[in-house]
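First comes the structure, then the notes that go with it.
Right, here's the structure in full:
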């Protein structure tokens, strides 16, 4: 049985087509899911539709085996084809309300935001969660020049009642900072995908999250 979405969002893995130490996306996700990740987003802006569909189909089954959520980045057609749990949208993607009409009421829809206006619009159109896009500098977000910083993350977290995750340069050491700024959880790419041991890294994040909530 899958956990409550709010609980799953505490540690959210986003894939990368290159950063996997030669293990491949599937094996890396398998190790991360086995260690406790409960939500995975397939993100690959370079893959062909056929290749993306095949990866999505495999990952969907893998997530299902681990009672975890499977999200597709951008591609509503692929999400529909593999019956993914949901979709993650950027500001240049399909509007949330249109995506909802295509995917249905039960699908999870997340939206990347950088401004209060974007956060409010996503909420009003029916998104399920927000992602504060690029909190700290990272090489995986080359299209965004300036990181938001913790103060802006705090402002965004108060812009709606939706749960919000932080993405961009997140590691076990700064996890408590973004949670303290108002985030429900963290989205991680490099720190897990490119780790020597994805499972060990996941455990470090889980420990950091557990310690934060225990102390609070």
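In this note's numbering, the protein residues as written are 149 to 364. The beta carbon of each residue, even a glycine, is placed where N, CA and C say it ideally should be. Quantities reported herein were computed from a predicted structural model and do not represent experimental measurements.
Open item on the list: If I follow the unbroken beta strand (DSSP E) through residue 260, where does it start and stop?
Closed with: In this chain, the beta strand (DSSP E) harbouring residue 260 covers 256-261.
TODO: Report, in whole angstroms, the separation of the C-beta atoms of residue 245 and residue 274, which I expect to be a contact under 8 Å.
DONE: A Cβ-Cβ separation of about 6 Å places residue 245 in contact with residue 274 under the 8 Å criterion.
Open item on the list: Quick check: the Cα distance between residue 322 and residue 182, rounded to an integer number of angstroms?
Closed with: Spanning the two alpha carbons is a distance of roughly 23 Å.
TODO: Tell whether a beta-carbon distance below 8 Å holds between residue 307 and residue 283.
DONE: At the C-beta level, residue 307 and residue 283 stay beyond 8 Å of one another.
- [ ] Measure the alpha-carbon distance for residue 169 versus residue 189 and round it to whole angstroms.
- [x] When rounded, the distance between both Cα atoms is 18 Å.
Task: Presumed contact (8 Å Cβ cut-off) between residue 350 and residue 334, rounded CB distance - done: Their Cβ separation, rounded to whole angstroms, is 12 Å, which puts residue 350 and residue 334 out of contact at 8 Å.
TODO: Can you say whether residue 192 is buried or exposed, counting buried as having 16 or more other CB atoms within 10 angstroms of its CB?
DONE: Its Cβ being crowded by 16 or more others within 10 Å, residue 192 is buried.
- [ ] For my contact list, residue 179 and residue 346 are in at a C-beta cut-off of 8 Å; report their separation, rounded to the angstrom.
- [x] That belief holds up - the Cβ atoms of residue 179 and residue 346 are roughly 4 Å apart, short of 8 Å.
Task: Reduced DSSP secondary structure (H/G/I, E/B, other) of residue 234 - done: Three-state result, residue 234: strand.
TODO: Report all residues from its chain with a CB closer than 6 Å to the CB of residue 360; omit the five preceding and five following residues, and keep chain order.
DONE: For residue 360, where only same-chain residues beyond five positions count, the Cβ hits under 6 Å are 324 and 327.
Task: residue 149 versus residue 215 - alpha carbon distance - done: Taking the CA atoms as reference points, residue 149 sits about 5 Å from residue 215.
- [ ] Below 8 Å on the Cβ atoms is my guess for residue 222 versus residue 237; work out the distance and round it to an integer in Å.
- [x] Contact holds; Cβ gap of about 7 Å.
- [ ] Report yes or no: is there a C-beta of chain C within less than 8 Å of the C-beta of residue 268?
- [x] Chain labels in this structure do not include chain C; a single protein chain is all it has.
- [ ] For residue 318, name the three-state secondary structure that DSSP assigns.
- [x] Coil, per DSSP.
- [ ] Drop a sphere of 10 angstroms on the beta-carbon of residue 199, count the other beta-carbons inside from all chains shown, and report buried for 16 or more, exposed for fewer.
- [x] With fewer than 16 other Cβ atoms within 10 Å, it is exposed.
Open item on the list: Does residue 281 come out as helix, strand or coil in the three-state DSSP assignment?
Closed with: Three-state result, residue 281: strand.
Task: Contact set for residue 296: own chain, Cβ-Cβ below 8 Å, skip 5 residues either direction - done: Taken in chain order, the residues that qualify are 262, 280, 281, 282, 283, 304 and 316.
Open item on the list: In the DSSP assignment, the beta strand (DSSP E) including residue 162 goes from what residue to what residue?
Closed with: Segment 159-162, the beta strand (DSSP E) holding residue 162.
TODO: Following the continuous beta strand (DSSP E) through residue 92, name the residue where it begins and the one where it ends.
DONE: Past the boundaries of the shown model lies residue 92; the chain is included only from 149 to 364, so the question cannot be answered.
Task: Opposing strand residues paired with residue 335 [DSSP bridges] - done: Residue pairing by DSSP places residue 335 opposite 160 and 315 in a beta bridge.
Open item on the list: Taking the straight line between their C-alpha atoms, what separation do you get for residue 165 and residue 265?
Closed with: Straight across, the Cα-Cα distance linking residue 165 with residue 265 is about 31 Å.
- [ ] Would you tell me roughly how many angstroms separate the C-alpha atoms of residue 344 and residue 175, rounded to the nearest one?
- [x] Residue 344 and residue 175: Cα-Cα distance of roughly 13 Å.
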